[in-house]
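Heads up, the sequence shown is in this note's numbering, so the first residue is 141 and it goes up one at a time.
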Amino acid sequence: MKTQNADTLDWYEPEFRSEITGKAAEIIARYPEGKSRSALLPMLHLTQAYEGYVSASGIAFCAETLGLTKAEVAAVATFYTMYKRRPTGEYLVSVCTNTMCGVLGGDEIYAALKEQLGVGHDETTPDGKITLEHAECLAACDYAPVVTVNYEYFDQQDTESGLKLAQDLIDGKRPQPTRGAPLCSFKEMSMQIAGFLDPRPEARAADAVGEPTLAGLHQKKGKRPVTSSKAEPPMVLTEPALDKKPAGDTKMPGKGEK
141 MKTQNADTLD WYEPEFRSEI TGKAAEIIAR YPEGKSRSAL LPMLHLTQAY EGYVSASGIA
201 FCAETLGLTK AEVAAVATFY TMYKRRPTGE YLVSVCTNTM CGVLGGDEIY AALKEQLGVG
261 HDETTPDGKI TLEHAECLAA CDYAPVVTVN YEYFDQQDTE SGLKLAQDLI DGKRPQPTRG
321 APLCSFKEMS MQIAGFLDPR PEARAADAVG EPTLAGLHQK KGKRPVTSSK AEPPMVLTEP
381 ALDKKPAGDT KMPGKGEK
């Protein structure tokens, strides 16, 4: 894959055009004939893999290739948060600040990283190394609080470990995620999300599923039966109070009842 800078990428340079058009054809071939517009999502990731974000040129390429309008493509690109509309750093650092992670320290981790990096949400450090964002959910409540780097998990973080993680990235290191594949760049990850295999053997052998994630499955299969130290009291069901109005039907001051 070419490593051109987004500022110098020429979408009509023959060699590059041939390369991205070939990959786009591979994506479209995954879908039934006449359903090429279904390829839009991976196509957007493909353009992001080359530029580090979804540019106006990338939108135009998707529209032209799939027979869509630029407005239709832009509507999708602005709807999903994984499509970045501004150049993204080499590492996208996402801090979960949703309920579980937030109350367990995610908010503090995010605040500390903002101060350390000198950037806010969806902003990139001057050296182009790190783009910071707070995320509403990273689908890993069983490992809260969670930070991801290019969507690879760093579980059960705290302020100290979060700051060290960011500093390692600044220093040119690639820390090993708690689970899953070794780190790669944001552009490389976008290429994988577009549906192209990670060429690194160690990445293909990685397993992102951890023990807490499988706990419910093990219980269901009887490997770890749920035990209780005391019997739960029986649930007492009462008749609904039919003479009461539902919440929100209270009489408003100055208004009569109908």
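Where a beta carbon is used, it is the ideal one built from N, C-alpha and C, also for glycine.
In this text the structure is predicted, and so the values were computed from the model without any measurement.
Can you tell me whether residue 261 is buried or exposed, with buried defined as 16 or more other CB within 10 angstroms of its CB? Burial call: exposed.
Worksheet entry | Residues sharing a beta bridge with residue 234, DSSP | Residue 234 is bridged to 273 and 288.
List the DSSP bridge partners of residue 300. According to DSSP, which records beta bridges pairwise, residue 300 is partnered with nothing at all.
Worksheet item: Where residue 352 and residue 359 are concerned, what is the direct C-alpha to C-alpha distance, given to the nearest angstrom?
Response: Their backbone Cα atoms lie some 11 Å apart in a straight line.
> Mapping DSSP to helix, strand and coil, what is residue 293?
Replying inline: DSSP places residue 293 in strand when its eight states are reduced to three.
Would you tell me roughly how many angstroms separate the C-alpha atoms of residue 294 and residue 259, rounded to the nearest one?
Approximately 21 Å, taken between the alpha carbons.
Length of the line joining the Cα atoms of residue 235 and residue 265
Cα-Cα distance, rounded: 16 Å.
For residue 319, tell me which candidate among 231, 333 and 291 has the shortest Cα-Cα distance.
If you compare the alpha carbons of 231, 333 and 291 with that of residue 319, the shortest gap goes to 291.
Of the residues 198, 153 and 245, which one's Cα is nearest the Cα of residue 283? Ranking the options by Cα distance to residue 283, first place goes to 245.
Between residue 231 and the rest of its own chain, which residues show a CB-CB distance below 8 Å, the 5 nearest in sequence each way excluded? Sequence-distant partners of residue 231 (beyond 5 residues in either direction) whose C-beta falls short of 8 Å from its own C-beta, in its chain, are 269, 270, 271, 289, 290, 309, 323, 325 and 326.
Alpha carbon to alpha carbon, how far is residue 181 from residue 169? Give it in angstroms, no decimals.
Those two C-alpha atoms are separated by around 14 Å.
Legend entry - Cβ distance (whole Å) where residue 251 is taken to contact residue 302 below 8 Å: Going by Cβ atoms, the distance from residue 251 to residue 302 rounds to 10 Å, so no, they are not a contact pair.
Taking DSSP's pairing of strands, which residues face residue 264 in a bridge? Secondary-structure assignment with DSSP links residue 264 through a beta bridge to 271.
Within 10 Å of its beta-carbon, does residue 171 have 16 or more other beta-carbons around it, so buried, or fewer, so exposed?
If you draw a 10 Å sphere on the C-beta of residue 171, you find fewer than 16 other C-beta atoms in it, and that means exposed.
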